[in-house]
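One structure below.
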Amino acid sequence: MDILHGKKRVLILSEGFGAGHTQAAYALAVSLEKRCSTIETLVLELGSFLHPTIAPWVFQAYKKTLTTSPKLYGKLYRSQYKKSLNRLTQLALHRICYAQTAAIIQEWAPQAIVCTHPFPSVVVSRLKRAGLAVPLCTVITDYDVHGTWVSSEVNKYMVSTACVKNKLLGRGIADAQVAITGIPVHPSFREAHDKTLIRQQFQLASMPTVLVMGGGWGLIGGDSLSEHLVKWRDRIQFIFCLGNNHKARAKLAMDSRYQHPNVHLLGFTQEIDKLMEASDLLVTKPGGMTCSEGLAKSIPMLFYDPIPGQEEENVHYFTQQGLGERIRSADTIASWLTMLASRYTDVEATRVSNYHRRLKEPSLDCSEVILQLMG
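Each residue of the sequence shown is one higher than the one before, counting from 9 in the numbering used here.
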């Protein structure tokens, strides 16, 4: 971690509980360096960096809880909704991360610290109470705000919507401490791509196309969802993005229903922006980052299996705004796919409407807020 002469440094801290937090961190790093040539960024998943042996076990346990006991997770989320991290958890973070995080900050000497997950924000907040003078920014990466995000030591919160800002104000955070910026997405999601060239690159046919995503872990939902979708494979093209879930991809590849020229099974890719551009409808888990990327691309969205808690709040926001719909039955899927196959202009009109809605979103972005705070 050499210090480059003349550079202003921004340390961006995340955690590996799902891919969205770290995606937001890297998106912000790219935006900062693109906006200002004198900025140098360092992105760390704090737990993984400090404890590479223990962290994967913790993340695996978290993933297992979400997939096998989502109602339990939702109950815990709601019961602690307005509360900060309990003392035991804060003590554990203190013992595991405090001294090492302080050493990283001292060595790298950043002019600002940005957190895209509550845990590193708690750790840095404690360091600030002990005398750390570096400005702390926290990016809330959902369309809701749990109490674990809230700390009086945060100098600036960056939030997705006015509703999230109002929730922070209701918890005693000053108006001047909160900026409505939207959730940071990679700049490529705001750039136009040539749809024809993208389809050539991925060997896609020129026909109505549905992109199906399951988040960074490749959680595509129960068999019934994909089965309902692939029944339409003669009329509609499907791209299944399975992330790092190699087992699920192999399982689908062995199924004759997915062995079809209009069905494409992809693993992890860094070109989701292009796939969204080439698609007409997004079927996805409602993670904050994926929803924000879909919003940037103005693509209509269908949501499945929201995790009780923040993902349900994400669904609530996007459905209330007319930007997506929750899949409640096979009829929801049939309605959209019928429209896509038979009334394509209606789907295109929805996308145009979403595009104009996006243009009305706040123009202030996270990188601008951070640069202003650094002076």
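From the three backbone atoms N, C-alpha and C, an ideal C-beta is built for every residue, glycine too.
Being a predicted model, the structure only gives us computed values, none of them experimental.
- The way I'd put it, the segment 302 to 321 doesn't touch the segment 202 to 217; fewer than three beta-carbon pairs between them come closer than 8 Å.
- Here the C-alpha atom of valine 271 lies approximately 6 Å from the C-alpha atom of glutamine 245.
- The residues Asp281, in chain order, have a CB closer than 8 Å to that of glutamate 199 in the same chain once the five nearest residues on each side in sequence are set aside.
- Closest in alpha carbon position to alanine 349, among Pro216, Val130, Met309 and Ala304, is Pro216.
- Under the three-state reduction of DSSP output, serine 300 falls in the helix class.
- In the three-state reduction of the DSSP assignment, isoleucine 188 falls in the strand class, which pools E and B.
- With contact defined as three or more Cβ pairs closer than 8 Å, the segment 259 to 269 and the segment 140 to 157 are not in contact.
- Threonine 149 places its beta carbon 8 Å or farther from that of cysteine 374.
- When rounded, the separation of the alpha-carbon atoms in alanine 170 and tyrosine 151 is 10 Å.
- Taking the CA atoms as reference points, alanine 261 sits about 10 Å from histidine 254.
- Taking 8 Å as the cut-off, the beta carbon of leucine 283 is found no closer than this to the beta carbon of glycine 302.
- A contact is defined here as three or more CB-CB pairs under 8 Å, and the segment 137 to 149 fails this definition with respect to the segment 41 to 54.
- With a contact defined as Cβ atoms closer than 8 Å, tyrosine 363 and serine 306 qualify at about 4 Å.
- Measuring C-alpha to C-alpha distances from leucine 379 to each of Ile121, Gly332, Glu53 and Ala213 identifies Ile121 as the nearest.
- In this structure aspartate 339 is not in contact with methionine 347, their Cβ atoms being roughly 13 Å apart against a cut-off of 8 Å.
- By the Cβ rule, the segment 25 to 36 does not count as touching the segment 135 to 142, because fewer than three pairs are nearer than 8 Å.
- Partner residues in the beta bridge of valine 220, as assigned by DSSP, are Phe248 and Val291.
- Given a length threshold of 3 residues, each whole run of the beta strand (DSSP E) inside the segment 103 to 153 is given here in chain order: 120 to 123 and 144 to 147.
- Of the candidates Ile181, Asp242, Met166 and Leu177, the residue whose Cα lies closest to the Cα of alanine 187 is Met166.
- Going by DSSP, tyrosine 165 is part of the beta strand (DSSP E) stretching over 164 to 167.
- Shown here, phenylalanine 276 sits in coil according to DSSP, grouped into three states, outside any helix or strand.
- Rounded to the nearest whole angstrom, the C-alpha separation of serine 361 and alanine 107 is 50 Å.
- Residue nearest to aspartate 242 within the set Leu250, Ala256 and Val218 is Val218 (criterion: CA-CA distance).
- In the structure shown, glutamate 333 falls within a strand segment according to DSSP collapsed to helix, strand and coil.
- Burial state of glycine 24 is buried, judged by a 10 Å Cβ sphere holding 16 or more other Cβ atoms.
- Straight through space, the alpha carbons of glycine 332 and proline 308 are spaced by roughly 6 Å.
- Measuring C-alpha to C-alpha distances from arginine 257 to each of Gln278, Thr292, Met221 and Lys239 identifies Met221 as the nearest.
- Close CB contacts of serine 214 within its chain, under the 7 Å cut and outside five residues either way in sequence, are with Arg207 (chain order).
- In the DSSP annotation of this structure, methionine 309 is not part of any alpha helix (DSSP H); the continuous beta strand (DSSP E) holding it starts and ends at 309 to 311.
- Counting along the chain, the unbroken alpha helix (DSSP H) around glutamate 320 starts and ends at 318 to 328.
- DSSP, read as helix, strand or coil, puts arginine 241 in coil.
- For valine 377, the enclosing alpha helix (DSSP H) covers residues 374 to 382.
- The Cβ atoms of leucine 40 and tryptophan 116 do not sit closer than 8 Å to each other.
- It is roughly 14 Å from the alpha-carbon of alanine 342 to the alpha-carbon of phenylalanine 311.
- For glutamate 48, the beta-bridge partners assigned by DSSP are Arg17.
- Between the alpha carbons of valine 38 and histidine 194 lies a gap of roughly 7 Å.
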